[in-house]
Amino acid sequence: MQHTGGYTDGNASVLLRDSTRIVGLDINFSDISYSVKASGKHILAKISGTAQKGSLLGIMGPSGSGKSTLMNILSGKLQATSGSTSLQGVEMSFSNTKKFKDLIGYVPQDDTVHPSLTVRENLLFSGHIRLGGVLNDGEIQRSVDNLIQDLGLTKVRDTVVGDQERRGVSGGERKRISIGLELIATPQVLILDEPTSGLDAQAALSIIMLLKALSRQGMTVICVLHQPRLEIFTSLDTLLLLGSGKQIYFGQRSKAEQYFKDIGYGFDPQLNPADIILDIVGGSPPFSSCTLSENVRDEKVALESLEAPQTISNLDSPRLEQLISLHDLHKKQISPWYWQMYLCFCRDLKYQSRDSRTLVLEVFGGILTGLVMGLALYEFHGNLYHGIFVPPYQLLSSAVNYTQVPQVGVLCLFAITFASAAPSVSIFSVERLIFRRESHSGHSESAYFMGKVVTSTLRSFLAAMHFTTCFMILAAPVISFGMLLSLNILYFYCIYGVGSIVAAVTKRENGPLVCLLITIVLGTFSGWAPRLAKVQEWNLGWFWYMCPGTWFNEAFLTGHTSPFSYLYDKDAVDAFTGFTTGRSGFDIGFVVMLVPDLVLVQ
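For what it's worth, this note's numbering labels the leading residue of the sequence shown as 1, then goes sequentially.
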């Protein structure tokens, strides 16, 4: 592919290696319908067509016509209510479409590119994940460098992508990066949802020229377009028009204008025919979409020019064998799980080192809360626990204090919560869309989260170290520094787990507050008020033991009472509080078990 003046033409060189040359795959879809189960609203109604290898299919229609829904069905992200699809003539069920999704590259409308990495780093990460099974590091780097040149990104290869808060590459360059993330794996089919949306005319045309060049290599390219300029419209080979969820036209793009003329619509030669067609489909001038849809089906004008491939259901067919062979080849390209985890760890470490604001905020929060907690307990000089003397000296005992240690434990939980709840959400929410895209592209979800787990360990250690040091200096508690640091690290870690869940299910702007509220509530279920002994009388102890704060507080109490086991009666402490002191190792181990459950539950 020669890149000249922002255009991509000629013979593209994105065939990264001979073993995975692009052969293209025909996609046939017949009577595709989709409706929302909850409301019963019909989004698509009996949509049929074919995307042939080596061709560029454009899907057009007004907003709300079902274009993106159809794209999600074809890419295996959504299951149609009825209808059938076939890949290279092999009929595909929804499960099979998901199975063979590694042959299909999907580029979403939103450019989900990591903002803190450079252009080359983004493409290298995708290359290492999706090609690491068959290529070494040098070969992957050469492939990425060739792709950067083909995409016209050489001038910005070492530029950080950026986002709304930090200026980086342009919108057109970001879109090319997004496309490149899929091209690095040399998919046989490339599906793009509004690749020109939000771009200026020149950048939009450049993207379409790139897609045109890819289709001329043999790749099957399907894209949704919204109000294309004339040059973009004439670049299409095939056109599918949707209106109100119904099929208005499907056939060669060059015959679309004549089709509408034949059924009575006029075209001003001075205007862009694409704009006129969209006006017709959108109801200006007025028309009945049902009537147009019936004309297409009854007269078959729009379908005569393209012949759908024959559907094959025989499992011994050569076409199915070819499909399985391609699938196996692409599957072998994927890096092993442990290497994916390492790559995710390295990427996350690089991201956090470049975006240090949340880390600084978290460390500062740890210092501040540690100072506040330490000053509040300064006058106690570590004397937080008084119990009943061991036999036979019980009668010499004075006032006992079994509640202050659990109370301080709860305050420590709240301090950690305030220090880490908001930063924990921001860590995960910024990558939520990136994670979903990578998961759909075949990246291991567990490898991603385990990479996050390792980098979060470093963050939690730094924040917990500052909190624990300030607290120990001022409060001078009896518990050992090592035990308190271990407990604080693990609870910081638990907050990260909650933050990851909250980031996955809430809007980014609401996440910090929601996470703070949830973790405060979790902190109250820690056995202080109400006492765990009272909770056990209610037969609800099992619920309290599901919360990490209970195990934290039990180990925290053990750390304060075990140095006085020679002096005070341990059984009396256990009976009053409901905790089982003396098993801090078990408590810490159970929190360790809860941490990955919280992180991976989503």
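Yeah, the Cβ is synthetic: ideal placement off N, Cα and C, and Gly gets one too.
Alpha helix (DSSP H) segment containing D110, residue limits: Here residue 110 refers to the residue found at position 110 when the sequence shown is read from its first residue. Element bounds for D110: n/a, residue is neither H nor E.
Below 8 Å on the Cβ atoms is my guess for V400 versus G387; work out the distance and round it to an integer in Å. Indexing the sequence shown from 1 puts residue 400 at position 400. Indexing the sequence shown from 1 puts residue 387 at position 387. Yes, V400 and G387 are in contact; Cβ-Cβ is about 5 Å, under 8 Å.
How long is the line joining the alpha carbons of I518 and R347, rounded to whole angstroms? Position 518 of the sequence shown, counted from the first residue, corresponds to residue 518. Position 347 of the sequence shown, counted from the first residue, corresponds to residue 347. Cα-Cα distance, rounded: 29 Å.
Could you pull out every residue in the same chain whose Cβ sits closer than 7 Å to the Cβ of A572, ignoring the five residues on either side in sequence? For the purposes of this step, residue 572 is taken as the residue at position 572 of the sequence shown. Contacts found: G387 and I388.
Leaving out the 5 sequence neighbours to the left and right, which residues in its chain are closer than 7 Å to F461 when beta-carbon positions are compared? Residue mapping note: residue 461 aligns to position 461 of the sequence shown, counting from 1. Same-chain partners within the cutoff: I489.
Given a cut-off of 8 Å on the beta-carbon distance, is the pair A421 and P512 in contact? The residue given as residue 421 occupies position 421 in the sequence shown. The residue given as residue 512 occupies position 512 in the sequence shown. Their beta carbons are under 8 Å apart, which means A421 touches P512 by this criterion.
Tell me which same chain residues have a C-beta within less than 7 Å of the C-beta of S127, skipping the five on either side of it? If you number the sequence shown from 1, residue 127 lands on position 127. What sits at residue 127 in the sequence shown is Gly, not Ser. If we look at G127 and ignore the five residues flanking it on each side, its Cβ neighbours are I140, S143, V144 and I184.
Return the bridge partner residues of G243 from the DSSP annotation. Here the question's residue 243 lines up with position 243 in the sequence shown. Under DSSP, the beta-bridge partners assigned to G243 are K246.
Contacts around L377, its chain only, beta-carbon distance under 6 Å, and the 5 residues preceding and following it disregarded: Taking the first residue of the sequence shown as 1, we reach residue 377 at position 377. The answer, listed in chain order, is A475.
Beta bridge counterpart(s) of I222 as assigned by DSSP: Translated into the one-based positions of the sequence shown, residue 222 becomes position 222. The partner list for I222 (beta bridge, DSSP) reads L57 and I191.
Kindly indicate the opening and closing residues of the alpha helix (DSSP H) around H440. Translated into the one-based positions of the sequence shown, residue 440 becomes position 440. Note, H440: alpha helix (DSSP H), R432 to H440.
Helix, strand or coil for M92, going by three-state DSSP, please let me know. Counting from 1 along the sequence shown, the entry for residue 92 is found at position 92. Strand.
Inter-residue Cα distance where the pair is D26 and M71: Translated into the one-based positions of the sequence shown, residue 26 becomes position 26. Translated into the one-based positions of the sequence shown, residue 71 becomes position 71. Each residue's Cα considered, the two are about 15 Å apart.
How big is the Cα-Cα spacing for L594 and H114? Start at 1 with the first residue of the sequence shown, and residue 594 comes out as number 594. Start at 1 with the first residue of the sequence shown, and residue 114 comes out as number 114. The alpha-carbon atoms of L594 and H114 are separated by roughly 29 Å.
Would you mind sorting P108 into buried or exposed? The rule is 16 or more other CB atoms within 10 Å of its CB. Counting from 1 along the sequence shown, the entry for residue 108 is found at position 108. With 16 or more Cβ atoms within 10 Å of its Cβ, P108 is classed as buried.
Compare the Cα-Cα distances from T159 to each of K507, L151, S170 and E165 and report the closest residue. Position 159 of the sequence shown, counted from the first residue, corresponds to residue 159. Among K507, L151, S170 and E165, the Cα nearest to that of T159 belongs to S170.
Give the secondary structure of I588 by DSSP, where H, G and I count as helix, E and B as strand, and everything else as coil. Here residue 588 refers to the residue found at position 588 of the sequence shown. Note: I588 maps to helix in three-state DSSP.
Between the CA atoms of L211 and A51 - distance to the nearest angstrom: As a working mapping, residue 51 is identified with position 51 in the sequence shown. As a working mapping, residue 211 is identified with position 211 in the sequence shown. Between the alpha carbons of A51 and L211 lies a distance of about 14 Å.
In angstroms, rounded to a whole number, what distance separates the CA positions of I216 and L181? One-based indexing of the sequence shown puts residue 216 at position 216. One-based indexing of the sequence shown puts residue 181 at position 181. Correcting the residue type first, residue 216 is Arg in the shown sequence and not Ile. So the alpha carbons of these two residues sit roughly 20 Å apart.
Under the three-state DSSP convention, the category A50 falls into: For the purposes of this step, residue 50 is taken as the residue at position 50 of the sequence shown. A small correction: the amino acid at residue 50 is Thr; Ala does not occupy that position in the sequence shown. In this structure, T50 counts as strand in the three-state DSSP scheme.
Indicate the three-state DSSP secondary structure (helix, strand or coil) for D237 in the structure shown. By one-based count along the sequence shown, residue 237 stands at place 237. Correct three-state label for D237: coil.
Restricting to Cα atoms, I'd like to know which of F345, G66, K175 and Q322 is closest to S444. For the purposes of this step, residue 444 is identified with residue 444 of the sequence shown, where counting begins at 1. When each option's Cα is compared against that of S444, the closest is F345.
Who pairs with T251 in a beta bridge, going by DSSP? Walking along the sequence shown from the start, residue 251 turns up at place 251. In the sequence under discussion, the amino acid at residue 251 is Gly, which differs from the Thr named in the question. For G251, which the question treats as bridged, DSSP gives the partners L239.
Identify which residue in T455, A256 and F525 has its Cα closest to the Cα of S353. Counting from 1 along the sequence shown, the entry for residue 353 is found at position 353. Per the Cα distances, T455.
Rank V119, T220, E431 and L271 by C-alpha distance to the C-alpha of V161 and give the top, closest one. Here residue 161 corresponds to residue number 161 of the sequence shown, with the count starting at 1. Selected option, being the one with the closest Cα: V119.
Three Cβ pairs or more, each shorter than 8 Å: is that satisfied between the stretch 225-234 and the stretch 34-48? no
Buried or exposed for R357, please, with buried defined as at least 16 other CB atoms from any protein chain shown within 10 angstroms of its CB. Here residue 357 corresponds to residue number 357 of the sequence shown, with the count starting at 1. By the neighbour-count rule (16 or more Cβ atoms within 10 Å), R357 is not buried but exposed.
Grouping DSSP H, G and I as helix and E and B as strand, with all else coil, what is L368? Residue mapping note: residue 368 aligns to position 368 of the sequence shown, counting from 1. It is helical.
Buried or exposed for E173, going by 16 or more other Cβ atoms inside 10 Å? The residue given as residue 173 occupies position 173 in the sequence shown. By the neighbour-count rule (16 or more Cβ atoms within 10 Å), E173 is buried.
Could you give the first and the last residue of the continuous beta strand (DSSP E) run that contains F525? Counting from one through the sequence shown, the residue named residue 525 turns up at place 525. Run containing F525: none; DSSP gives neither H nor E here.
Own chain, CB closer than 8 Å to Y385, minus 5 neighbours either side, in chain order: Translated into positions along the sequence shown, residue 385 becomes position 385. The answer, listed in chain order, is N401, Y402, Q404, V405, V478, H560, T561, F564 and Y568.
Can you find the residues in the same chain that come closer than 8 Å, C-beta to C-beta, to L78, ignoring five residues on each side of it along the sequence? Working through the sequence shown from its first residue, we reach residue 78 at position 78. Excluding positions up to five away in sequence, the list reads Y34, T69 and N72.
Beta-carbon contacts of A274 that lie in its chain and below 6 Å, excluding the five residues immediately before and after: The residue you call residue 274 lines up with position 274 of the sequence shown. Shown here for A274: same chain residues with a beta carbon closer than 6 Å to its own, the five before and five after excluded, namely P228 and F233 in chain order.
How close, in whole Å, do the beta carbons of S30 and S84 come, if the pair is a contact with beta carbons under 8 Å? Locating residue 30 in the sequence shown gives position 30, counting from the first residue. Locating residue 84 in the sequence shown gives position 84, counting from the first residue. About 5 Å separates the two Cβ atoms, so the contact holds.
DSSP-derived helix/strand/coil call for F267: On the sequence shown, residue 267 is found 267 positions in, with the first residue counted as 1. Correct three-state label for F267: coil.
Under 8 Å between the Cβ atoms of I148 and L131? Looking up residue 148 in the sequence shown gives position 148. Looking up residue 131 in the sequence shown gives position 131. It is not a contact, given that the beta carbons lie outside the stated cut-off.
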